[in-house]
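S.K.:
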Amino acid sequence: MSKKLLLAGGGHAHMMTLANLSRFREKGFEVTVVQPSPYHYYSGMGPGMLGNTYSPEEIRFATRKVVEKSGSVFIQEKVARIDPQARRIFLESGESLPYDVLSLNIGSSVPRSIISTASAENIFTVKPIEHLQKARQLILELGTEKPINVAVIGGGPSAVEIAGNVWGLAHRGGLQPVKIQVFARSSIMSGFPDRVRYKAIHSLNARGINILEHCAVKAIHSTRVELESLQNYGADVIFVATGVNPSPVIRESGLRTGPEGGLLVNRYLQSVDHPEIFGGGDCIYFQEQPLDKVGVYAVRENPVLLHNLMASLEGKELQPFDPGGDYLLIFNLGDNTGIFRKKCLLFGGRPAFLIKDYIDRKFMKKFQALER
Ligand SMILES: Cc1cc2nc3c(=O)[nH]c(=O)nc-3n(C[C@H](O)[C@H](O)[C@H](O)COP(=O)(O)OP(=O)(O)OC[C@H]3O[C@@H](n4cnc5c(N)ncnc54)[C@H](O)[C@@H]3O)c2cc1C
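Residue numbers for the sequence shown follow the numbering used here, so the first one is 191 and each next one is one higher.
1) Which residues in the same chain have their Cβ closer than 7 Å to the Cβ of Pro438, if we skip the five residues on either side of it in sequence?
2) Taking the alpha carbon of Ser412 as the reference point, which residue from Val342, Ala308 and Pro301 has its own alpha carbon closest?
3) For Gly201, is the beta carbon positioned less than 7 Å from some heavy atom of ligand 1?
4) Terminal residues of the continuous beta strand (DSSP E) containing Val256?
5) Is the separation between the beta-carbon of Met206 and that of Leu496 shorter than 8 Å?
6) How about the region 365-381 and the region 342-352: do they share at least three Cβ pairs that are nearer than 8 Å?
7) Could you tell me which residues DSSP pairs with Gln460 in its beta bridges?
8) With a CB to CB cut of under 6 Å and the five nearest residues on each side skipped, what residues in its chain are close to Ile279?
9) Taking the DSSP output, what are the residues bridged to Tyr475?
10) Just checking Gly234 against ligand 1 - is the residue's beta carbon closer than 7 Å to any of the ligand's heavy atoms?
11) Measuring straight from C-alpha to C-alpha, what distance separates Arg562 and Glu248?
12) What's the C-alpha gap between Ser400 and Val372?
13) Have a look at Ala374, Phe530, Pro367 and Ile440 and flag the residue whose alpha-carbon is nearest the alpha-carbon of Val295.
14) If you measure between the beta carbons of Gly586 and Asp525, is that distance less than 8 Å?
15) Would you say the region 218-236 touches the region 249-259, given that touching needs at least three Cβ pairs under 8 Å?
16) Am I right that Arg436 and Ser298 are in contact with their C-beta atoms under 8 Å? What's the rounded C-beta distance?
17) Just verifying my parser: in three-state terms, what is the DSSP assignment at Glu403?
18) Any idea what DSSP makes of Glu351, helix, strand or coil?
19) Excluding the 5 residues preceding and the 5 following Thr334 in the sequence, name in chain order all residues of the same chain whose CB lies nearer than 8 Å to its CB.
20) Considering only residues of the same chain and omitting the five flanking positions on each side of Ser212, which have a CB-CB separation below 8 Å?
21) I'd like the span of the beta strand (DSSP E) that includes Ala341, first residue to last.
22) Leu281 and Glu267: beta carbons closer than 8 Å?
23) Specify the secondary structure class of Gln421 as computed by DSSP and reduced to three states.
24) What are the boundary residues of the alpha helix (DSSP H) that includes Leu496?
25) Return yes when the C-beta of Ser298 is under 7 Å from any heavy atom of ligand 1, and no when it is not.
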């Protein structure tokens, strides 16, 4: 019987494997990909899509189409649980699927514990990126009719990019005045050098975006943000950008994890307990050194995952993953400017945005070409 490769999630770390599915098929392996959406959205361009710089179509990769084109099976579902002893995954529908080799790229999510209401349609966690598309629609609808308040909870790069791009959306869409407030528990971009922080703060302040630092949010209600100081701020639209945790599926399945719940993997991106389970991106914890939850690492993991999944099916030697050195970060500030940072090199303005735009579009073009 042919061996079965199962890919859970078609995220940033699986892009090269997805691009090479026909190679697995040619060698007689059966491949199944499980993902809740037919598309995977490229997070690096998510804020730009919110700000109307990009259309949703420009920032997504048609996973289902690419999988089915290669003769593999795509199942539009969420993995709910993994049973490593039985070598089966269970879907939310209750159905289960067997595997010989499993690779997890199911990403991360924003904790919802401070959201007090279960189903408010104006509160958006910044992941999955699809939420930003819905938020854009809502802001356009509301902001055409009346002035609105937008609250962004969080103080990291995502919060800065979201706030800047809501401003961009309001200006490009010719909306009524949109008041934007950022609520940060500590300082804005506290993990970054002061020079980066000042550029971000200056850019937002200069556009009238109100930044409230050292301002912890206690609860988010449907149209109100409640601070720990018990002050309240009204908001028509609320973004939650308070950081991410690996998908809970891994811990709930009893797989060994790192401190935050990511699949604990060795230098081969392989589960330390189950050699037939691999993983990449935000849902893993790399045993050799903790990795930041940035798409850069997920992208760097691609060739190693591709090699190791094939090698594992064929019984060949695995390749170790080298995370590499410092990485380039460019933030999109929403007004066609950015902040570029690599090692000591730091600059802002339009050139930073243009470099990001070029790199991101090139990445998407490469993988979107597989859809045709
Ligand atoms: C607003 C924002 C902007 C960002 N910008 C940048 C940037 O410019 N540069 C950068 O390096 N990083 C950036 N990041 C970080 C980056 O998003 C993550 O590090 C990156 O998305 C990790 O990729 P991933 O493939 O592991 O996860 P994801 O991109 O989350 O992909 C996971 C995939 O798995 C699927 N999935 C989820 N759950 C399940 C399940 N249970 N079963 C099956 N499939 C599932 C999802 O549908 C998705 O397709 C940004 C993050 C945010 C929130």
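The C-beta atom is built at its ideal place from N, Cα and C for all residues, glycine as well.
M.R.: Once the coordinates are examined:
1) Gly451
2) Ala308
3) yes
4) Val256 -> not in any beta strand (DSSP E); alpha helix (DSSP H) instead, spanning Thr253 to Lys259.
5) yes
6) yes
7) Phe468
8) Val269, Ile272 and Leu287
9) Leu454
10) yes
11) 14 Å
12) Checking the displayed sequence, the identity of residue 400 turns out to be Asn instead of Ser. Spanning the two alpha carbons is a distance of roughly 6 Å.
13) The sequence shown places Asn at residue 295, rather than the Val named in the question. Comparing Cα positions, the closest option is Ile440.
14) Lying before the first or after the last residue shown, residue 586 is absent from the chain, which here runs from 191 to 562.
15) yes
16) Reading off the sequence shown, one finds Pro at residue 436, where the question assumed Arg. Pro436 to Ser298, Cβ: 5 Å. Contact.
17) coil
18) helix
19) Gly363, Leu365 and Gln366
20) Ser260 and Gly261
21) Ile338 to Ile343
22) yes
23) coil
24) Gly485 to Glu504
25) yes
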